[in-house]
Amino acid sequence: MLKYLSLIAAAVMAPASALAQSANSIEAIPITIVIHGGAGALAPGRYTPEEEAAFQAKLAEALDAGYAILEGGGSSLDAISAAIVLMEDSPLFNAGKGAVFTRDGKNELDASIMDGATRNAGAVAGVTRIKNPIKLAREVMENSRHVMFAGEGAEKFAKERGLETAKPKYFFTNHRWRAYKEALAKEKSRDESALPHDFKYGTVGALALDANGNLAAGTSTGGMTLKRYGRVGDAPIIGAGTFADNNSCAVSSTGWGEYFMRLTIARDICAQVEYAGKTVDDAADDVIHNRLQNLGGDGGVIVLGPNGDYAMTFNSAGMFRGVKNASENWVAIYGE
Ligand code: ASP
C-alpha cells in the first residue's frame, strides 16, 4: 500500500521519466513462492494415484495461498507463513498434524523462520502442544529478544503470547503410528533397511520473494521417526535448515538433519551465492551433490534468489515440491 501511495506522490512530484523508471523497477520484481513437502525415498509407485493427487492438491493449495498474499502486495513472511500453516494442518505432511513419532511414541516438533530483509530469525525446538510451530517461530522472531526457544520454555512463551495450543493427541495419525511400529520392529530385529534416513518424509518448507524485493524462508517438521528424547534436527537451526538474506538467497532444507547441521547447508548455499557469485542452481548443486553426498547424507533444498531464480535440488529419489510465479505454476513428487 505504502508503495502505491509513494508512487502517487511520485506522479505528482516527479518528471514522467522518473515515474516510469520507478514503476518499472517495481514491475521488475518477479514475485515468487517455492515450497517443499519433504524429500526421501519417493520412487514412482510408492503412492497410489489417489494419494499422489491428494499430495499434489495440498501442495497446490499452499502455493495458491502464499501467492495470493504476494499478488495482493503482502510480505514474503506472510506468504510463507500461510503456505506452511496449510501444510502443518494437513495430516499428509510430517509437520504439525501428521508429524512422525519419536522413539517414545511422542510428537516433538521443530520450526524456524527468517526474514531476508533484516536477517531476523526465530525458531522453536521440541514443542509438543503448539498447533502451528511456524507461528510460534515467527512470534519468537518478532516478539522476543531471542532467536530460539526449546521445549517447556517455548511452550511457556507460546502461552504468554496467546498462541493456539493443541492436545498432544491432535498430532496423531494412523499412518505415522503404523510407520513408527514398523520402524520399532525393524530396529529390534536389527534389520539393516531400518536406517534412519528411511524414516522421514514430509518436512515442509516455503520461500517467497515479495513485491518489495524481500526474501523469507521457513521450515517446519516432526523430525525423524524413532528420534531419541530431546533430539533436535536441522529444521530449527538457522543456517542449516533455514536461511534468508536479501543479498544472497533464501533456503529451506529437508533430509537427514544431522548431515544438514554438520554442513550448515542453508548458509553454505547462500555463502556460495554471495562470496563466489554462483547462481542459486550451481550453489545448491555443489552443496547437495558434492558436499552432502560425499559425507553420506541425503535430502534436498529449495532455494530462491532476489531476482526470482530458484532451485529445487535433491539427492534422494524424490521431493514433494512446487513453485508459483507469473509464468510457472506446478507441483511434483518424484525425480526427473
Ligand atoms: N530434516 C528433518 C530432520 O532431520 C527431517 C526431514 O526433513 O525429513 O529433523
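Position one of the sequence shown corresponds to residue 32 (this note's numbering), numbered consecutively onward.
Ideal placement from N, C-alpha and C gives every residue a C-beta, glycine not left out.
Alpha carbon of residue i to alpha carbon of residue j, nearest angstrom
i	j	result
Asn55	Gly339	Confidence at Asn55 is low in this model, with a pLDDT of 48, below 50, so the placement of that residue is unreliable and no value is reported for it.
Ser112	Ile319	26 Å
Asp317	Gly147	22 Å
Glu305	Ser358	26 Å
Gln52	Pro61	With a pLDDT of 44 at Gln52, under the threshold of 50, the modelled position of this residue cannot be trusted; read the value that follows with caution. Their backbone Cα atoms lie some 16 Å apart in a straight line.
Ser284	Ala152	16 Å
Val263	Ala99	33 Å
Gly129	Ala247	25 Å
Glu81	Cys301	37 Å
Among the options, the one whose alpha carbon lies nearest that of residue i
i	options	result
Ala156	Pro164, Arg221 and Gly286	Pro164
Leu94	Phe188, Val304, Trp361 and Met172	Trp361
Ser347	Leu335, Leu323 and Tyr341	Leu323
Ala72	Glu82, Pro122, Arg221 and Gly349	Gly349
Gly286	Gly236, Asp313, Gly244 and Asp276	Gly236
Gly253	Ile66, Ala142 and Glu305	Ala142
Glu102	Asn243, Asn321 and Ala302	Asn243
Lys198	Val116, Thr159 and Phe180	Thr159
Leu257	Trp208, Asp276 and Tyr290	Trp208
Thr273	Leu335, Leu326 and Thr310	Leu335
Phe132	Leu167, Lys190, Glu81 and Phe202	Phe202
Asp313	Ser106, Tyr290 and Phe345	Phe345
Gly182	Leu167, Asn174, Glu173 and Gly193	Leu167
Thr63	Tyr78, Ser106, Ala88 and Lys89	Ser106
Asn125	Ile269, Ala281, Val178 and His206	His206
Ile268	Ala85, Ala84, Ala154 and Leu140	Ala154
Val116	Ile296, Gly270 and Glu195	Glu195
Gly288	Ala297, Gly136 and Gly184	Ala297
Met292	Arg176, Leu238, Ser279 and Leu326	Leu326
Asn278	Arg169, Val311 and Glu83	Val311
Residue i (DSSP reduced to helix, strand or coil)
i	result
Arg352	strand
Ala239	strand
His320	helix
Asn360	strand
Ser284	strand
Asp146	strand
Asp95	helix
Gln52	In this prediction, Gln52 scores a pLDDT of 44, lower than 50, which makes its location untrustworthy; the coordinate-derived value is nonetheless stated afterwards. Helix.
Val263	coil
Met118	helix
Val311	helix
Phe132	coil
Tyr290	helix
Ile111	helix
N-terminal and C-terminal residue of the alpha helix (DSSP H) that residue i is part of
i	result
Gly184	Gly182 to Glu191
Pro306	Looking at the sequence itself, residue 306 is Tyr, so the reference to Pro does not match. Here the alpha helix (DSSP H) through Tyr306 covers Ile296 to Ala307.
Leu194	Looking at the DSSP string, Leu194 is not in any alpha helix (DSSP H), and its letter there is neither H nor E.
Terminal residues of the beta strand (DSSP E) in which residue i lies
i	result
Gly153	Ala152 to Val158
Phe203	Premise fails: Phe203 is in no beta strand (DSSP E) and is neither H nor E.
Gly103	Looking at the DSSP string, Gly103 is not in any beta strand (DSSP E), and its letter there is neither H nor E.
Met172	Looking at the DSSP string, Met172 is not in any beta strand (DSSP E); the run it does join, the alpha helix (DSSP H), is Pro164 to Asn174.
Ser178	Checking the displayed sequence, the identity of residue 178 turns out to be Val instead of Ser. From DSSP, Val178 is part of no beta strand (DSSP E); its letter is neither H nor E.
Leu73	Per DSSP, Leu73 belongs to no beta strand (DSSP E) and is neither H nor E.
Leu335	Gly330 to Leu335
Thr252	Leu246 to Thr252
Met255	Careful: Met255 lies outside any beta strand (DSSP E) and carries neither H nor E.
Phe345	Tyr341 to Phe345
Residue i CB to nearest heavy atom of the ligand SAH below 8 Å
i	result
Met255	The ligand SAH is absent from the structure shown, which contains only the ligand ASP.
Rounded distance between the beta-carbons of residue j and residue i, thought under 8 Å
i	j	result
Gly233	Gly366	With 8 Å as the limit, Gly233 and Gly366 do not qualify as a contact, their Cβ atoms being about 17 Å apart.
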